[in-house]
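*Asks:* Got a structure for you, written out below as structure tokens; questions coming shortly.
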């Protein structure tokens, strides 16, 4: 198996035609056919079903497609990393974050990378924690900044970045009678919290997972209300006084500064959630990762020192 075979395979799979792949790659059609046959012989299976209309991937071909794409990405990254030992780091780095984390560090991180490494482009994605873990392991993203959610992390490297404190976010003009009683409160106990329906993500996501752990620890079950998918929608619902949200301050600090949301600290017990920088264990620590991860730590420290992201710094 070699890069030429993988290139021919991927282009043929993309175009569903050996002839079209030959034209696109400016290679003789018999050359592509021979290389594909050699690849199939090495793998011991047919990768394509062939007909007069063209070719389509077999089930084995579909399985191999994901591996071939991953191998080619790693080969390109390897070339880039070797090149960057002699040059300024450059290229595209894909980072996935949960929405609250993205809300607080995306803009300062983009600005800092542009300042320090103008040849690096960040491709930012937002998602729930378990989706980010899947994207990381499939190679869709290079870094995930998220929190543990019970997913298998045996194939993931993690650096603990921050220990964030969780609060109850309440609109400053509540419309629901029970929420009006919370106005001006500085703290609320976990048992008192059970008297309110709390907006929280599902149990597969890190926030729902962490809350479930505290519920099991205390024996107190909170009434839940599902989040609305988009953080902006959920926050509008809270600002308008229709609900209360369990969240770190990273999600709503800007609304807190504008006096649209108040943060009530949860006590007895205090609720915490770790935030980690994760990379795939089966892929090398590239020059791009080595350049950007320290900047993620730097931005996190700055947001913590400003008071916008409340918790405990876990990195030096």
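Residue numbers (our numbering): 0 to 315.
Cβ coordinates follow ideal geometry from the N, Cα and C atoms, glycine included.
Thinking C-alpha only, which one of 34, 208, 216 and 237 is nearest residue 261?
*Replies:* 237
*Asks:* Where residue 295 and residue 108 are concerned, what is the direct C-alpha to C-alpha distance, given to the nearest angstrom?
*Replies:* Roughly 7 Å between the two C-alpha positions.
*Asks:* Output the boundary residues of the beta strand (DSSP E) element that contains residue 156.
*Replies:* In the DSSP assignment, residue 156 falls within the beta strand (DSSP E) that extends over 155–170.
*Asks:* Taking residue 169 as the reference, give the member of 66, 259, 106 and 91 with the closest Cα.
*Replies:* Proximity to residue 169 across 66, 259, 106 and 91 peaks at 259, based on C-alpha coordinates.
*Asks:* Please tell me whether residue 205 and residue 146 are closer than 8 Å, where the distance is taken between their beta carbons.
*Replies:* yes
*Asks:* With a floor of 4 residues, list each alpha helix (DSSP H) that falls wholly inside the region 83–128, ordered by position along the chain.
*Replies:* 98–115
*Asks:* What runs of the beta strand (DSSP E), each 3 residues or longer, lie entirely inside the region 195–276?
*Replies:* 197–199, 223–225, 243–247 and 260–266
*Asks:* Taking just the CA atoms, how far does residue 297 sit from residue 315?
*Replies:* A caution first: residue 315 carries a pLDDT of 49, below 50, which makes its placement in the model too unreliable to give a value.
*Asks:* Which same chain residues, not among the five before or five after residue 32, have their C-beta less than 8 Å away from its C-beta?
*Replies:* So the qualifying residues of the chain are 17.
*Asks:* In whole angstroms, what separates the C-alpha of residue 52 from that of residue 37?
*Replies:* 22 Å
*Asks:* Return yes when the C-beta of residue 249 is under 7 Å from any heavy atom of the ligand ATP, and no when it is not.
*Replies:* With respect to the ligand ATP, the structure offers nothing, as it holds no ligand at all.
*Asks:* Classify residue 25 as buried or exposed, calling it buried when 16 or more other Cβ atoms lie within 10 Å of its own Cβ.
*Replies:* exposed
*Asks:* Helix, strand or coil: how does DSSP classify residue 43 here?
*Replies:* coil
*Asks:* Cα-Cα, which of 234, 28, 150 and 176 is closest to residue 207?
*Replies:* 150
*Asks:* Using 8 Å as the threshold, is the region 214–234 in touch with the region 271–285, meaning 3 or more CB pairs across them?
*Replies:* In short, these stretches do not touch, since the Cβ pair count stays below three.
*Asks:* Please tell me whether residue 46 and residue 56 are closer than 8 Å, where the distance is taken between their beta carbons.
*Replies:* yes
*Asks:* For residue 2 versus residue 96, is the C-beta spacing smaller than 8 Å?
*Replies:* no
*Asks:* Confirm, please, whether the CB-CB distance from residue 242 to residue 225 is below 8 Å.
*Replies:* no
*Asks:* Give the secondary structure of residue 12 by DSSP, where H, G and I count as helix, E and B as strand, and everything else as coil.
*Replies:* helix
*Asks:* What residue range is occupied by the uninterrupted alpha helix (DSSP H) comprising residue 287?
*Replies:* Unbroken alpha helix (DSSP H) run through residue 287: 286–305.
*Asks:* So, is residue 54 buried or exposed, given that buried needs 16 or more other C-beta atoms within 10 angstroms?
*Replies:* buried
*Asks:* Tell me the residue span of the alpha helix (DSSP H) that contains residue 193.
*Replies:* Careful: residue 193 lies outside any alpha helix (DSSP H) and carries neither H nor E.
*Asks:* What residue does the alpha helix (DSSP H) around residue 142 start on, and which one ends it?
*Replies:* First-last for residue 142: 142–145, but that is the beta strand (DSSP E), not the alpha helix (DSSP H).
*Asks:* So, with DSSP's three-state summary, where would you put residue 139?
*Replies:* coil
*Asks:* Secondary structure at residue 183, three-state DSSP: helix, strand or coil?
*Replies:* coil
*Asks:* Go ahead and pull the three-state DSSP assignment for residue 53.
*Replies:* strand
*Asks:* Our contact map puts residue 164 next to residue 270 with C-beta atoms below 8 Å; I'd like the distance itself, whole angstroms only.
*Replies:* Confirmed, Cβ separation roughly 7 Å.
*Asks:* How should residue 265 be labelled, buried or exposed, when 16 other C-beta atoms within 10 angstroms of its C-beta is the threshold for buried?
*Replies:* buried
*Asks:* For residue 131, write down the residues that DSSP places opposite it in a beta bridge.
*Replies:* In DSSP, residue 131 forms no bridge with anything.
*Asks:* Taking Cβ to Cβ, would you say residue 89 is nearer than 8 Å to residue 118?
*Replies:* yes
*Asks:* Return the Cβ separation of residue 162 and residue 311 in integer angstroms, given the expectation that the two are a contact with Cβ distance under 8 Å.
*Replies:* 4 Å
*Asks:* Where does residue 310 sit, in a helix, a strand or coil, going by DSSP?
*Replies:* Taken through DSSP and simplified to helix, strand or coil, residue 310 comes out as strand.
*Asks:* Looking at chain B, is there any beta carbon in it that lies within less than 8 Å of the beta carbon of residue 219?
*Replies:* Chain labels in this structure do not include chain B; a single protein chain is all it has.
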